[in-house]
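Residue numbers (the numbering used here), protein chains in the order written: chain X, 695 to 938; chain B, 622 to 850; chain R, 69 to 707.
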Amino acid sequence: MEKTESLNKMKAGHRKDGEEEDMAFIEVRDLTFAYDEDRERNVIDDMSFDIEKGTVTALTGLSGCGKSTLCSIMTGVIPAHESGLLSGSIRVDGEEMIGRTMREFSEKIGYVMQDPDRQIIATTVEDELAFGPENICLDPQEIRERTDSIMKLLGLEQFALADPGRLSGGQKQLTIIGSVLTLDPQILIMDEPFSHLDEEGRALVGSIMQKLRQAGKTILAVDHDPAAIPFADRQLIMEHGGVI
Amino acid sequence: MRENNASVLKAGGITFRYSENSPLILDDFTAEFTGGCITALTGKNGCGKTTLARIIMGILKPEKGRLSLNGEDLAGLSLAETGRRIGYVMQDPGRQIFSTSVMDEMKYGLENMVRAGLLDKDDVESRALEYLELFDLSGKKDAFPFALSQGEKQRLVLAAVTALEPGFLMLDEPTAALDPVRRAALGDHLKKVRDEKGCGIIVITHDRSFVADCADREVRMQNGGGIYV
Amino acid sequence: MYSLAGLDPRTKIVMIAAVSTAAMAVGNIWMLLGLLVFTVLIMALGGVSPARQLRQARGAVSMVIFLFILQAVFGRWVLGGILCVRLMIVIMSALILMTGHIRDYLLGLIQMKIPYEIAYMVMIGLHFFPVLREEARDVYYSIQLRGTEMKKTSLHARLAAYMKISLPILAGAMSRARDMSVSMETRRFRACQSRTYLRKLTLTAKDKALMAVFPVLCAAFIFAGSGVMNALPADKAASPEKMPSQIILSWTGDPAETQTVSWKGDGSIQYVKYASAAGHEATGYYSREKKAAITKIQEGRYCRYSAQITGLRPGTEYCYTVGAGDRWSAQHDFATESKTNAAAAEKSSGSGTAASGGTDAKFSFMSMGDVQYQLRDRDYRIWGEQARKVFADNKKIRFGLMMGDMVDKNADMKDWNSFFGAAGDIFSSVPMMTVNGNHETSIGPYTYMKMMDLPKNGPQGLKEEIYSFDYGNCHFVMLNSGLFMDERREAMGQAAWPAMMKKADAWLQADLKRSDAKWKIVCMHHPAYPAENNDPKLYSSIRSHWVPIFEKQGVDLVLCGHQHVYMRTKPINGITYMMADSGQKLSHYYRQGDALPAYVKKISTENSTFEVYKVDGNRFSVKVCNGDNKVIDAFSLKK
Chain X
695 MEKTESLNKM
705 KAGHRKDGEE
715 EDMAFIEVRD
725 LTFAYDEDRE
735 RNVIDDMSFD
745 IEKGTVTALT
755 GLSGCGKSTL
765 CSIMTGVIPA
775 HESGLLSGSI
785 RVDGEEMIGR
795 TMREFSEKIG
805 YVMQDPDRQI
815 IATTVEDELA
825 FGPENICLDP
835 QEIRERTDSI
845 MKLLGLEQFA
855 LADPGRLSGG
865 QKQLTIIGSV
875 LTLDPQILIM
885 DEPFSHLDEE
895 GRALVGSIMQ
905 KLRQAGKTIL
915 AVDHDPAAIP
925 FADRQLIMEH
935 GGVI
Chain B
622 MRENNASVLK
632 AGGITFRYSE
642 NSPLILDDFT
652 AEFTGGCITA
662 LTGKNGCGKT
672 TLARIIMGIL
682 KPEKGRLSLN
692 GEDLAGLSLA
702 ETGRRIGYVM
712 QDPGRQIFST
722 SVMDEMKYGL
732 ENMVRAGLLD
742 KDDVESRALE
752 YLELFDLSGK
762 KDAFPFALSQ
772 GEKQRLVLAA
782 VTALEPGFLM
792 LDEPTAALDP
802 VRRAALGDHL
812 KKVRDEKGCG
822 IIVITHDRSF
832 VADCADREVR
842 MQNGGGIYV
Chain R
69 MYSLAGLDPR
79 TKIVMIAAVS
89 TAAMAVGNIW
99 MLLGLLVFTV
109 LIMALGGVSP
119 ARQLRQARGA
129 VSMVIFLFIL
139 QAVFGRWVLG
149 GILCVRLMIV
159 IMSALILMTG
169 HIRDYLLGLI
179 QMKIPYEIAY
189 MVMIGLHFFP
199 VLREEARDVY
209 YSIQLRGTEM
219 KKTSLHARLA
229 AYMKISLPIL
239 AGAMSRARDM
249 SVSMETRRFR
259 ACQSRTYLRK
269 LTLTAKDKAL
279 MAVFPVLCAA
289 FIFAGSGVMN
299 ALPADKAASP
309 EKMPSQIILS
319 WTGDPAETQT
329 VSWKGDGSIQ
339 YVKYASAAGH
349 EATGYYSREK
359 KAAITKIQEG
369 RYCRYSAQIT
379 GLRPGTEYCY
389 TVGAGDRWSA
399 QHDFATESKT
409 NAAAAEKSSG
419 SGTAASGGTD
429 AKFSFMSMGD
439 VQYQLRDRDY
449 RIWGEQARKV
459 FADNKKIRFG
469 LMMGDMVDKN
479 ADMKDWNSFF
489 GAAGDIFSSV
499 PMMTVNGNHE
509 TSIGPYTYMK
519 MMDLPKNGPQ
529 GLKEEIYSFD
539 YGNCHFVMLN
549 SGLFMDERRE
559 AMGQAAWPAM
569 MKKADAWLQA
579 DLKRSDAKWK
589 IVCMHHPAYP
599 AENNDPKLYS
609 SIRSHWVPIF
619 EKQGVDLVLC
629 GHQHVYMRTK
639 PINGITYMMA
649 DSGQKLSHYY
659 RQGDALPAYV
669 KKISTENSTF
679 EVYKVDGNRF
689 SVKVCNGDNK
699 VIDAFSLKK
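In C-alpha cells:
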C-alpha cells in the first residue's frame, strides 16, 4: 500500500539541505555524441542543461536538431541499440548515468515514444499497464493495485478490458503512458507525444501531463512545436545539437 | 489562385461502408476539386477522409456514386491508369518506396510509362532530375531511401508520383510528422507544383495552420458528406 | 451443459491437441468422419453455434476441394477423402481456440511452462500480423499506382514486382521490430530472470475432468480406426500346418470380373478376404470377403478350399488373403483382365456380335509342359526356381497354361503338396489353367478335379475335364486327351465311350465355331503329331476325332506335352503343333539323332522349357526359354 500512496503524494522540492545549492534533479553537462556512420558530425554538441524535479520541461527544435537522439541517450537506447562516440555527463539525483545499461536507466526513467501503435503489446489495457510491474516480479496484488490506480489517474478504468489497438489516438497514447507509469519512474521522457494526435487527443494528454506534474513526476517532453506544451515550466530550444 | 478550368475531379453521391453490418462511412458525398488549386479536405479523425482518398484512387469501391476526372469515369480504370492521373502520397511514405536509391525510385514510375508507350526513353533521366530539383532532393540522388528522414521520404514519394505528371495530387496527412519549418517548406513545394504544373492538389489534413497557409479551398467532411467552406 | 468459453485455455489447448492428433493418426475414413461429427457436436454443446461452424466450414471449402482434386488426379479417391476429412477436423477444431481471448492463451502457455519469451513472441506475432498485412496491401496498391500492372503481366514481371515490394515491407517490419524491442526494454522486459503475472488461471473441476476424459475419447477413435479390432494374422499363435497354404489362382468365370482362389486349409470354415489394392492401401482393410467351399480329399486328410470372387472391376489390381480367425495368410495380389482385353474377349465368345475378335488386345502368357519329376522335392524346387525366373523376366504374364503330368502319382498327396508348394509363388498372383495328363489320371482324373477349380462350361459329364475360356482375343480350349486312354475306353465300354466322345466332339465343334477370337489355341496333354510314334492308337484317335475339327474351325496352335521334349511342327493345314516339357524327367521317347517325322520343324531335348507368348492384336509371338532363361526357339503366327 505504501508504494501506491507514494504515487499520489505531492513531492516537496528537490533540494536537500546541506547539499550543493546548484545541484538540480537532472544535470546534463557537456554532452556530445556522434553516430558511428558520421564521426565528423556531432549530433549532440557540447550540450548542457538542468531540469528541476517535479517540472515539465519542453524541449523544442526543428527536425534534425538532435531531439530524438537526446531522448535515446537519456533512456540508454544509445549506446545499447545504436553506437557512436558519447561523452559528457548526465546526473540524475546525483548519480552518473552515462555508461550504465538500459536496465539501470529504466529503473529511474520511463520512455514514451512517438507512435503508440508501435509500442502496444498487450490485448487489453490492463495487461498493457501490468506489463512493466510483471517484468520486475512484483507481487500480483501489488500489480493489481498499481494498475488500478494508474487507470484511475488517467481515466482509463472503463477501458480496462478493451483492446488498446481499437482506442482513439489519445487513449492509446495514455495507455502507453500508463504502462510506463506503473513502473513508478521518477522521470518521464516523452518523444513527440502529440505528433499522432488530433486536437482532442492533445488536450487529453496535455491535461494528464499536468496531473502527473502535480503528483511529483519530472517530465521532459520533446516536440517540434513550441506552442504544443504551453503549460511547460521551462522551454529548452535546441539547435544544431545544443541548447540555445 | 489560378484555376485550370479544363481539369475537374468530381465525386458524385459517393456512399460507402466496409461491410454489410458496419456503419456508413460516406453518405452521398459530393464534391468537386479543380485543377490549379490546392483544396484542403478536413474533418475529425475517423470521419472518412482516408477512406474517400482510397475510393478516389480506386483502391476501394463505393456502394453507390460516380467518380470522374475531366468527364472520364474513373471506375473502369486500372490502378496503373489511375496513378497516372492522380498521384497519391500516403500517410506513411515508407510504404511507397521500392528502390535502393533515390534516383532509381524516380525512374521506376517513369520506366513504367515508357513501357506503356506514354514517354520517350530518352526523357526518363531528364524528367527524374527535373522533379528531384523541384523538391530539393537533387543532393540525395544516390542515397538509400530508407535511410532518409521521414520528411525526406515524403518528398521523395511526392517527387516520384508528381514526375508522372498527373493532373491531380492527393496527399494524406502530410504534415503530421513535420516541424513548422518543414511544414512551410512543404506548403511552398505544393504551391510551386500548383503554379508551375497546373496540378490540382488535394490535401487531407487536420492542421488548421497549414490550411490557413496553403489552401485555396476547403472541403470539410462531416457526417459522411462534404461541405464547402 | 458446459461452455467452451468458460474453460481454462489450457483445457482448450489439450482438447485441440487431442483432436488434431487423433485426426492425423486415424487412417480409416469412417472413423475420421465419426471424429469430425464428434468434434462438431462437442463444439455445438459447448456454445459454438451451428451457424458459426457452418461459416468456418465454408471458409475451408476451397482448400479442401483443392486437396481432394490433387489426390483424385492420381486415382487415390479414398486417400483424398481421408486427407480432406483430416483438414476439416483441424480447421473446425480451431473454433475451439476462438472461444477464448488471446491474453488467456498467453497466460495458459506460460502456466504450462512455455518460456515467457516464446509466448510473448507468439502473441506479438499474432498481434502484428494484421498490421503487417495492411502494410503489405498498401505497398501492393502503391506499386500498381506507380504504373506496374499486376494483373495481365507475365509471371516474370510479376515476380520482379514482388521482389520490389518486399523491400518496403521488410524495412517496415524491421523498423517496427526495433521500436517494439526498445519499448519493451525500457519497460524492463527481462529485467529479472522470471516474471510475475497480474492474473492467474486456475483449473476447475470441469477443466480437470475434460483434460482427462477428452484425450481418452479421441484415443478411442485411433484405436477403433487402426484396424486393431480386425486382428491381423497372428502367425505365432497357429502352427505352420494350420496356416492356409498352397494358394493357387484360376478362373471359373470371366477373367475381367471374377477371380477364383483355391488353397489348402485345416478343415475349418475359411474365407477369402479381398479389396482393391488402392482401397487396401488407404484403409488397411480388406473390405470384402467370400466363404470358400471345402473339398475333402482322402477322408479329410487334405482339404482344398475354393472361392470364386465375382463383381470385380476390369483392369484393376486387388489384394487378398485367405484363412479365418487368427490364421490368415500373407497378402497376395492379382489383377483382373483389362477392359480392352475383355472387350476383345467378349467379341470372341460370340455373344451376339459377328465381328472378328478385337485387334486391340495386348497381353502375355506362358505355358509349361510336364513338370513331373525324377526326384520329387529337388525337381519341383528346380521347376519353381526356373519358372520364377521366367516369370520375373517377362513382364505382364497374365496366366500360365499347364499341359498335364504336373504330378507323378495322381493320388499321392506328397506330390500335390510339393507341386502346389512350388507353384504357389507365381500362381498365387496369376491364374494357372490346366489340363490333366496321364499321370493325373487313373480312369478319370478324379483327384486332379478335386484339386483344381476350373470352368464348368464343358460338355455334360465331362465338366472340368474339358472346358474353354477367353482372354483378350484368344480362345483357349482345354481338352482331356486322357479320354483316349485305354483305361477310359475299357472302363466305359463299347457303347458308353463312343457316346461320350460324340458328345465331346460335338461340344468341341460348337465351342470352336461359336468363337470369333482372332487366335484359337487348344491345349491337351497327348500330342496329335508326336515326336515319336510310341502310341499310335492314341495319337491317331486324336487325329481322327479332333484334328479335323481343329482344322475346320480355324485353330492356330495346339499345345501339348507328354514326351518330355520340346518340339514344334511346321504348320500342318494351318495349325502349328507344339510340344513342351518343363520338368527334370529325361525323355525316353526321343533321343538325339533319332529319325524325325517330316512335319517336325524344331526339336530340342533341353530338359525344361518355358514358353512365353506375346499377343498384340494381329501379332502372336512365342519365345521358348530353357531352364537358364536362354531362348532356344522363337516363332510367330501370322494372320
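Glycine included, every Cβ here is placed at the ideal spot set by N, Cα and C.
Here the structure is a predicted model, which means the values were calculated and not measured.
- Residue range 796–802 is occupied by the alpha helix (DSSP H) that includes GLU798 (chain X).
- If you compare the alpha carbons of B:LEU755, B:GLN717 and B:TYR729 with that of GLU817 (chain B), the shortest gap goes to B:LEU755.
- Counting every other CB atom within 10 Å of its CB across the protein chains shown gives LEU882 (chain X) a total of 16 or more, marking it as buried.
- For CYS152 (chain R), the uninterrupted alpha helix (DSSP H) run begins and ends at 145–166, by DSSP.
- For SER889 (chain X), the nearest beta carbon of chain B is closer than 8 Å to its own beta carbon.
- Pairing MET903 (chain X) with LYS802 (chain X), the inter-Cα distance amounts to about 18 Å.
- At a C-beta separation below 9 Å, LEU165 (chain R) has no neighbours in chain X, since its nearest C-beta there lies roughly 14 Å away.
- Here PRO879 (chain X) is near GLY804 (chain X), since their CB atoms are less than 8 Å apart.
- Neighbours of CYS831 (chain X) in chain R, taken as residues at a C-beta separation under 9 Å, are given in chain order as ALA259, CYS260, GLN261, SER262, ARG263 and THR264.
- Under the Cβ criterion of 8 Å, ASP247 (chain R) is not counted among the residues facing chain B.
- Contact annotation: the region 154–166 of chain R touches the region 90–105 of chain R, with at least three C-beta pairs closer than 8 Å.
- ASN686 (chain R) and ASN602 (chain R) have their C-alpha atoms spaced approximately 37 Å apart.
- If you look at TRP484 (chain R), you'll find it in the alpha helix (DSSP H) that goes 481–495.
- As the crow flies, the alpha-carbon of GLU533 (chain R) is around 28 Å from that of LYS638 (chain R).
- For GLY900 (chain X), the closest Cβ of chain B is not nearer than 8 Å.
- Under the DSSP assignment, GLU702 (chain B) falls in the alpha helix (DSSP H) whose first and last residues are 700–706.
- Proximity of chain X to PRO801 (chain B) at the Cβ level (cut-off 8 Å) is accounted for by LEU756, HIS918 and ASP919, in chain order.
- Check the Cα spacing between PRO312 (chain R) and each of R:SER374, R:ARG255 and R:LYS80: the tightest is with R:SER374.
- Neighbours of ASP892 (chain X) in chain B, taken as residues at a C-beta separation under 8 Å, are given in chain order as LYS665, ASN666 and HIS827.
- Counting along the chain, LYS364 (chain R) sits inside the beta strand (DSSP E) bounded by residues 361–365.
- Residue nearest to PRO323 (chain R) within the set R:LEU522, R:GLY352, R:ARG205 and R:ARG456 is R:LEU522 (criterion: CA-CA distance).
- ARG395 (chain R) carries a strand assignment under DSSP once its states are collapsed to helix, strand and coil.
- In this structure, GLY826 (chain X) and LEU877 (chain X) form a Cβ contact; the two beta carbons are roughly 4 Å apart against a cut-off of 8 Å.
- Beta bridge pairing from DSSP links ASN694 (chain R) with R:THR677.
- Against chain X, a Cβ distance below 9 Å from SER770 (chain B) picks out SER757 and GLY758.
- The three-state secondary structure of TYR386 (chain R), taken from DSSP, is strand.
- Its chain contains PHE650, ALA652 and VAL840 as the residues whose beta carbon lies nearer than 6 Å to that of GLY847 (chain B), once the 5 sequence neighbours on both sides are disregarded; these appear in chain order.
- Put simply, of X:GLU790, X:GLU894, X:VAL819 and X:ILE815 the residue whose alpha carbon is nearest the alpha carbon of ALA856 (chain X) is X:VAL819.
- Residue-level contact by beta carbon holds for GLU253 (chain R) and chain X, with a gap shorter than 8 Å.
- Between the C-alpha atoms of MET279 (chain R) and MET189 (chain R) there is a straight-line separation of about 26 Å.
- When secondary structure is reduced to three states using DSSP, TYR729 (chain X) falls in the strand class.
- Taking a Cβ-Cβ cut-off of 7 Å, ALA674 (chain B) has no neighbours in chain X, whose nearest Cβ is about 17 Å from it.
- Within chain R, the residues whose beta carbon sits less than 8 Å from that of GLY730 (chain B) are ARG214 and GLY215, listed in sequence order.
- Between TYR645 (chain R) and PRO604 (chain R), the CB-CB gap reaches or exceeds 8 Å.
- Taking 8 Å as the cut-off, the beta carbon of LEU580 (chain R) is found no closer than this to the beta carbon of VAL615 (chain R).
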